[in-house]
Structures are given as C-alpha cells and as structure tokens.
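K.L.:
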Amino acid sequence: MLRVRNVWWIVALGALVLFPLIETNPTYTGIGVSALIFMGCATSWNMFSGYSGYVNLGSAVFYGVGAYTITLLADHLNVPGNGDLFWLVPVGGVAAMIVAVPVGLIALRVRRHTFVVITIAIFFVFQLSAINFSFTGGTSGLQLPLIPWLETNYNKPFYYAALAVVVFAVLLSVAVRRSRFGLQLLAIRDDEDRAAGLGVKVFAVKLVGFTMSAFVVGMGGAIYAIFIGQIYPQFVFDPIFDISIALMAIFGGLGTLTGPLLGALVLESTQQYLAIRFSNGSLYLILFGSLFLVIVLFVPQGIVVFLGDWRSRRRARRAEGARVVLGDAS
Amino acid sequence: MTTLLSVDRVSKSFGGLQALSECSLNVEKGSITGLIGPNGSGKTTLFNVITGYEKPDSGAVTFEGAEITRASSSRVFALGVGRTFQITRIFARISVLENMLVATQRDEGWLRGLTRSKSSKSELTSAMEWLDFVGLGRLADQPAGSLSFGQRKLLELAYVLVADPDVILLDEPAGGVNLTLINEIAEKIQSLNRSGKSFLIVEHNMEFVMNLCDRVTVMHQGADLVSGTPSEIRSNPLVLDAYLGGSDEDGEEVS
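Heads up: the protein sequence lines correspond to chains P and A, in order. Position one of the first sequence corresponds to residue 1 (the working numbering), numbered consecutively onward. Position one of the second sequence corresponds to residue 331 (the working numbering), numbered consecutively onward.
1) Whose Cβ in chain P lies nearer than 9 Å to the Cβ of A/Ile404?
2) Between P/Leu186 and chain A, is any beta-carbon pair separated by less than 7 Å?
3) Check for me: the beta strand (DSSP E) holding A/Lys342 runs from which residue to which?
4) At a CB-CB cut-off below 9 Å, which residues of chain P make contact with A/Tyr383?
5) Just to confirm, are A/Leu511 and A/Gly467 a CB contact at a threshold of 7 Å?
6) Could you tell me whether the Cβ atoms of P/Phe237 and P/Phe126 are closer together than 7 Å?
7) Find the residues of chain P that neighbour A/Val432, judging by a C-beta separation of less than 8 Å, and give them in chain order.
8) Flag this pair as touching only if the region 225-244 of chain P and the region 114-132 of chain P have three or more C-beta atom pairs under 8 Å; answer yes or no.
9) Can you grab the Cα-Cα spacing for the pair P/Ile231 / P/Gly321, in whole Å?
10) List the endpoints of the continuous alpha helix (DSSP H) containing A/Gly558.
11) Just checking: is the beta-carbon of A/Ile498 within a distance shorter than 7 Å of some beta-carbon in chain P?
12) Do the region 448-458 of chain A and the region 402-413 of chain A meet, that is, are 3 or more Cβ pairs less than 8 Å apart?
13) Could you tell me the distance, in whole angstroms, from the CA atom of P/Asn46 to the CA atom of P/Pro26?
14) Mind checking which residues open and close the beta strand (DSSP E) that includes A/Ile531?
15) In chain P, what lies closer than 8 Å to A/Arg446 by C-beta?
16) Within a Cβ cutoff of 7 Å, which residues of the same chain sit near A/Phe538, ignoring the five residues on either side of it in sequence?
17) Closer than 8 Å by C-beta to A/Glu579: which residues in its own chain qualify, once you throw out the five before and the five after it? Chain order, please.
18) Note down, in chain order, every chain P residue with its Cβ under 9 Å from the Cβ of A/Glu428.
19) Going by CA-CA distance only, name the one from P/Ala67, P/His113, P/Gly14, P/Phe38 that's closest to P/Ile228.
20) What in chain P is Cβ-close to A/Phe344, meaning under 7 Å?
21) For A/Ile417, does the count of other Cβ atoms within 10 angstroms reach 16, so buried, or fall short, so exposed?
22) Among A/Ser450, A/Pro473, A/Met430, which residue has its Cα nearest to the Cα of A/Leu491?
23) Whose Cβ in chain P lies nearer than 7 Å to the Cβ of A/Gly367?
24) Within the continuous beta strand (DSSP E) that includes A/Val490, where are the two ends?
25) Quick one: grab the DSSP three-state call for A/Asn324.
26) Buried or exposed: which applies to A/Ile519, given that a residue is buried once 16 or more other Cβ atoms fall within 10 Å of its Cβ?
27) Taking CB distances under 7 Å as the criterion, tell me whether A/Arg482 reaches chain B.
28) Could you have a look at A/Ser565 and say whether DSSP puts it in helix, strand or coil?
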C-alpha cells in the first residue's frame, strides 16, 4: 500500500540521490556531504534524546571517537587511500557504542538538568584527553591516507556514504518508534518513575537507547574524518557540534521523524553557505544563537509540529465554516 | 480467608517527620479493604512503601508469603501488585491506547522490547477490552494529555488492570470525581472484586468506603489505629477522636 506520506519520503530520497548527479559543483556537493552527516547524527540523537527526554549535550564524544577510531585504524592496518576506507566506517560506529556504555552508566544515573551537565562534563574529559594523549597526536591532530581522487568527483562517494547513514538512521528511528522498546522510551520521557512502576526496566532501556544512538553518530564522525583527511581534537570533539545537533532536532521538532532531518538540512546548509559566501567560519554562531532563542521562546515544539498544528487548525476552521453555512441553509 | 498482602510494623521517616511508625495492615484474598485516616496520617506513604516507590526504614511487607520489603517498583508490579495515584500519573504525550500497552508487559525481560513490536494482537484486544470497560474505548487514539481529570483516573485504573494484578491499590479513586462517575467506579470495583481481584483503597469519601469495603483500617499519625468491619469502625470512639479531635486540624466527618 502506497500512502501519500510514503510518496513524499520516496520523492525526498530520490531528490537526495539525484542531487550530486545534477549539481556537480564541488562547493555545493561538499555542503551536501556536511548536511547529510548532520542529518544522520541529528536523527540518531533524536532517537534517544527526543524520545526519552534525556537531552544529551555530549554527543560529540561519539563523533570524535568515531573519527579517531577510523583514523587510527587506517594507520594501523595500512589501509590505502581509496574506497576501502569506507569499510571502516561501521567500525567507528561500533567504537562509539563501546564508549557509550560506560558514559551511559555514569550519566544516566541522573535526570534532566543534571544529566545535561554531566554529558557536557564528560565531553570535556574526552576533548582534553584527545588534546593531551600522545596516541591522538595532540593538538597537531592526525592525518588520514590521502585519497587521490579528482576534485570534480571527490565528494560523490562521501555523499552517498553519508546518505546511506541517513537512511539507516531513519529506518532505525522508525523501527524503534514501532517497537515496544520505543514505547518504553516515550513512557520514560513522560514519567520515568511511573514507567518503572509498570514494569519497564528503565535503566536498561535508557542505556540501550543511548548506546544505539551513539552508533550512527560514530559513523558520522568516521565519514567526516575521511572526508576532511585530517582530524584535530577541537574539530571532532567540538562543543559547537554538541549544541548544533540538539538545536537542529529541537528546531525541526523534538521526538518527530522529519524534524531533525529538516532542521539539520536547513541549518547545516545555511551554516556552510554563510561560511563560504562571507569567508567567515563563525558567522553562523550569531544566527544559531538568535535562532535558538526564537525557537525556545515561540515554537518550543519545533517547526514540523508547529506547521502540522497550524494545518490541522486551519482544516478544522474550514470544516467549522462549512457547518455554519449548512446550518444557515436549513 | 488467607492473607494476600501484609504490612508488618513498617516505619518510615523523612528527615524529622515520622510518616509511618510501626504501621501494620492486612489485605485478605478476595477482599476490598479500606484505608482511611486524616490528611497526613501516612496513607500515601504506606502505598509508596508497599509498591516499592519508597523504601521503609524498618518493618516488612509480604505479598503471597514472599517478602517484598525492598523490592523495586517494577518487581512489585511484576509480582502482581498494581496501584493508582492520588494525583494521576499517566503518560501525557502518547495515546491512550499506548498508555495501556506500556503496562501490558508486566514481567518482560529488558531486551525483549527491542525485538518485538509495540503490541501483540492479544495485548491489543485486552487493552481495548479494558478501555471499553472503563468507557474510554472511543478515545483510544487521543493523546492521553487531552483527557479530563476523571478520565485520567479511569485510564490509570484501566492500565493497571490490563496487567492483571492480583491486588490493586487505589489512592483516592473518588477524589475530585463527580457523583455519577463515583458510582460507576464503585460498580467497576465491585464487579472486579467478584471476578477475584483484591483491593486496598484509600479514600476520604466515607460513604464510598463504608459501602464498598469488607474491612476498614484507620490510620492515625503514621500508625494503624483500628481495623474492623465498616459498622465497627463507625461506632469506634477512637476513630471519632482521630477525625474530630486530637492534633489534626482538618477533621472530616465520619458519617
């Protein structure tokens, strides 16, 4: 059965698949790669934080672990600079999951604001470790094997790898939402103690969700690392990443499926465009900061939910109007 | 009659406040037991201790002969002790039906949720049956947050029932509910009781308690004052004292 909503998904996917074939300018396909990486990460972040209400402001931990894992592994295994590097992307995701277990065991003991603060603290532990340990290369970072592809086609494989991650993240989110597990996460969001009192094993559910969400973010970090070709602690363990991911999901609509996708697409593309257009890499911070204020104050439920409500209100009003007209006639 | 749930000299204090002091209580199998007492006499705390939401300082709680004193709230529920709250605790942002489904798992392992869908066919059927039982069937797809106060009480009752517990603890099922609905709730409790469920009910509405319960325990200042049949309780001078005199200023009339 093909419903209207599913048709839109197929159209959107088709447009994303065709984009780099139609638009060959590397500047724009490069923006596409970044946007897709963020779309995957935001969707995955939302799968845990949006569903459970545990706002994680330390997701760069998983991003960085994914990036460092693939870089160190490529060096260790002597992987040549070609498409073979992509096989290591899921390994970056698995490494992020492994790291997520102890992080979750610590952070998920506390709730709400305390949880947010703990995730930020853990994030800084990781950033400082990356700066200070020698195996990470410290502040001078690490190099990945150089990929000798032509500039015109360089972005394409990254684009499709990132798109595959987005598709995976979306399917995972859908599967979780439809499972008993997803229902448990939503119950935890609304009233954790009550959920526990109804037999939900809340800690295990939270930890599993947290870990699953780390997988996609780790893969995102791994793709980013091979895309850029070199990594630095301050760029893969980036506090702005933590906030951006959350902002994208909240901007689009926390807990919704399309919200984080749309939020990441719009915000990341805008950011990249501003950086290129005005050759100023920090300009977007002003935009993000003011946008965050506007969203939190006026549309805390996010754009997608806001538009959906607006549409159903309009439809209800129209139905109401029709009834009045009929009433007059009788 | 055999004792299903028993509370034996349970004490609990919050800082300097002694909420429960050596409180004892029994719920017989197949009975409806009432728990009354002035505000602040420790009824809700006792509920919290029984259902694992709070841990007592001393004393023991046993259910079907097994001690559940320090068991977690999910464990107690899995064993068959369900409860509702005075201020209803529903999951506001998911649908009424999904609220029901949260409770249907009762004793499922923590990994099981990942590998199965939200509901099985039989769970869906029984969830809808219980929703119809409390008269919320037509609201199944509405977000639970849109329900009125009385409907929330009914939903909470329904999602506890869907897990099929042996004993159900109701915290003020008639509080803030209109008269018609109170009678409806009373009827539901009676019909469930006939089908074998035991109840422990906290309620301020005396008429409701006296008509419904087989036995009543009166609590006062954290301890059980007297237990007996409704008519015994009504004529007990200690009870009148606890409600009308003494240090509790908000005396409620015993009718």
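The beta carbon of each residue, even a glycine, is placed where N, CA and C say it ideally should be. These figures come from a predicted structure and were not determined experimentally.
P.N.:
Answer, in terms of the structure:
1) According to the sequence as given, residue 404 of chain A is Ser; it is not Ile. Residues of chain P passing the Cβ test: Ala195, Ala196, Gly197, Leu198, Gly199, Val200, Lys201, Val202.
2) yes
3) 333-344
4) Asp193, Ala196, Gly197
5) no
6) yes
7) Leu183, Gln184, Ala187, Ala195, Leu198, Val200
8) yes
9) 60 Å
10) Per DSSP, A/Gly558 belongs to no alpha helix (DSSP H); it is in the beta strand (DSSP E), 553-558.
11) no
12) no
13) 30 Å
14) 528-532
15) Ser179, Arg180
16) Ala504, Ile512, Ala516
17) Low per-residue confidence applies at A/Glu579: pLDDT is 46, beneath 50, and the placement is therefore not dependable, though the value from the model is reported in the following sentence. Contacts found: none.
18) Leu183, Leu186, Ala187
19) P/Ala67
20) Correct list: empty, because the minimum Cβ distance to chain P is about 17 Å.
21) exposed
22) A/Met430
23) Those do not exist, as A/Gly367 stays about 23 Å from chain P at its closest Cβ, beyond 7 Å.
24) It is not in any beta strand (DSSP E) - A/Val490 instead sits in the alpha helix (DSSP H) that spans 479-491.
25) A question about residue 324 of chain A goes unanswered here, because the residues of chain A that appear run from 331 up to 585.
26) buried
27) This model lacks chain B altogether; the protein chains it does include are P and A.
28) coil
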